[in-house]
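Here's the structure, in structure tokens; my notes come after.
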Amino acid sequence: MTAIPADSAPSASRPNGTALHSPVIDWFDAHARDLPWRRPEAGPWGVMVSEFMLQQTPVNRVLPVYEQWLARWPSPAHLAAEPPGEAVRAWGRLGYPRRALRLHGAAVAIRERHGGQVPTEHAELLALPGVGEYTAAAVASFAYGQRHAVMDTNVRRVFARAVGGREFPPDATTAAERKLARALLPDDDPTAARWAAATMELGALVCTARTPDCVRCPITAQCAWRAAGSPAHDGPPRRGQTYAGTDRQVRGKLLAVLREAVTPVPQAALDKVWDEPVQRARALDGLIADGLVEPLDGGLYRLPLT
DNA sequence: TAGGCGTGGGT
DNA sequence: TACCCAAGCCT
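Residue numbering for the first sequence is 7 to 312, as defined by the working numbering.
See below:
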């Protein structure tokens, strides 16, 4: 008869969570990708830059832009010293270019309010532009080794399956999900940080949305979804994103012209990217309102200098 | 709070 | 070919 450690007993506050820690963290130790922002030399700024770029954008597309970005702007002060338009240009085709503007704004705020150092406190991080609940927790955890429930789409899916017995989590993060994530968090800081990275990696590499690779999953034996026979998602289909013909597409085309231009661009050059004039004007106005484009006298446009 | 906000690779 | 979806944030 083997002795059972007291802390492995299931409880209401921690639904058998500790039983997941070791297999998931051990799997991570063996299979984690060697990503540049995970290396010690990345530092808090490298972690923060990667988190901005990885918001809704796959790792493979982020890698080259991340390297160029850190080489050019190795600290928040370096980025803050340049016009926001340079950040938008360097963002390239990562998508959602408002993130570039917000990252620049975060760098300025870090210079002004934090002496040029990426803040260590969750609340301070959360106050930076472009930093929400997830990114604040991620930076505090990955850069500073703190204990936070880091909940991204990967973690939510892993928990929905392993613990909830469902194929997918709800559209919007629920209080129950937050409570579960907190309950599953290991007690000490370094293990909690490891757990956060490990659960994310498991969702990204094994417990994927489309075709989960349960054969390679370290917790397949404990997975509630598996135990239930891997039932398909029930309820209304998840909200899809349309793109063709939307303002987003027009904005993308307009901004692509401005990113490539070295000098201010005349209206006529922008008019070529989209035939329908009303939508084209609306998209351009939106970009200006967002601060992504700066209108000049004489019908010229450029990426923002201020 | 639901919807707007880019882009491109995988299936 | 279409559609899905990818380390979210903001209003």
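By construction, the Cβ of each residue, glycine as well, lies at the ideal position given by its N, Cα and C atoms.
message: In the DSSP assignment, the beta strand (DSSP E) including residue 134 goes from what residue to what residue?
response: As a first step, residue 134 must be located in the first sequence, where it is residue number 128. Careful: residue 134 lies outside any beta strand (DSSP E) and carries neither H nor E.
message: Does the stretch 192-199 come into contact with the stretch 211-218, if we say contact requires no fewer than three beta-carbon pairs (one atom in each stretch) closer than 8 Å?
response: no
message: For a test of the three-state rule: what should DSSP assign to residue 125, helix, strand or coil?
response: For the purposes of this step, residue 125 is identified with residue 119 of the first sequence, where counting begins at 1. In this structure, residue 125 counts as coil in the three-state DSSP scheme.
- prompt: Going along the chain, which residues of its own chain have a beta-carbon closer than 7 Å to the beta-carbon of residue 232, five neighbours each way excluded?
  reply: In the first sequence, the residue the question calls residue 232 occupies position 226. The answer, listed in chain order, is 220 and 226.
message: Output needed for residue 53: all residues of its chain with C-beta closer than 7 Å, excluding positions within five of it in sequence on either side, in chain order.
response: Taking the first residue of the first sequence as position 1, residue 53 is located at position 47. Answer for residue 53: 43, 145, 148 and 149, listed in chain order.
Residue 271, DSSP secondary structure in three states: Taking the first sequence and counting its residues from 1, one reaches residue 271 at position 265. In this structure, residue 271 counts as strand in the three-state DSSP scheme.
query: Is the distance from the Cβ of residue 110 to the Cβ of residue 173 below 8 Å?
result: Taking the first residue of the first sequence as position 1, residue 110 is located at position 104. Taking the first residue of the first sequence as position 1, residue 173 is located at position 167. The answer is no: Cβ separation not under 8 Å.
- prompt: Can you tell which of 270, 57 and 274 has its C-alpha closest to the C-alpha of residue 311?
  reply: Locating residue 311 in the first sequence gives position 305, where the first residue counts as 1. Ranking 270, 57 and 274 by Cα distance to residue 311 puts 270 first.
- prompt: DSSP on residue 298, reduced to helix/strand/coil?
  reply: Position 292 of the first sequence holds residue 298. The DSSP-derived three-state label of residue 298 is coil.
task: Could you round the C-beta distance between residue 143 and residue 154 to whole angstroms and report it? I think they count as a contact, below 8 Å.
output: What you label residue 143 is simply residue 137 of the first sequence in a count that begins at 1. What you label residue 154 is simply residue 148 of the first sequence in a count that begins at 1. Yes, they are in contact, since the Cβ atoms of residue 143 and residue 154 sit about 4 Å apart, within 8 Å.
query: Where are the alpha helix (DSSP H) runs, 4 residues long or more, that stay fully inside the stretch 71-125, in chain order?
result: 82-86, 90-97 and 104-119
field: Three or more C-beta pairs below 8 Å linking the stretch 281-295 and the stretch 111-119
entry: no
Residue 254 versus 292, 199 and 268, residue with shortest Cα-Cα distance: Along the first sequence, read from residue 1 onward, the residue named residue 254 stands at position 248. Closest by alpha carbon: 292.
- request: Could you tell me which of 161, 47, 222 and 72 sits nearest to residue 140, measuring between CA atoms?
  value: The count along the first sequence starts at 1 and reaches residue 140 at position 134. Out of 161, 47, 222 and 72, 161 has the C-alpha closest to the C-alpha of residue 140.
message: Considering Cα atoms alone, identify which of 261, 72, 50 and 105 is closest to residue 126.
response: Here the question's residue 126 lines up with position 120 in the first sequence. It is 50 whose Cα lies nearest to the Cα of residue 126.
query: When we look at the beta-carbon of residue 302 and count the other beta-carbons within 10 Å, is it buried (16 or more) or exposed?
result: Position 296 of the first sequence, counted from the first residue, corresponds to residue 302. Counting Cβ neighbours within 10 Å, residue 302 comes out exposed, since fewer than 16 surround it.
message: For residue 201 and residue 304, I'd like the C-alpha separation in whole angstroms.
response: Indexing the first sequence from 1 puts residue 201 at position 195. Indexing the first sequence from 1 puts residue 304 at position 298. Answer to the nearest angstrom: the Cα atoms are 56 Å apart.
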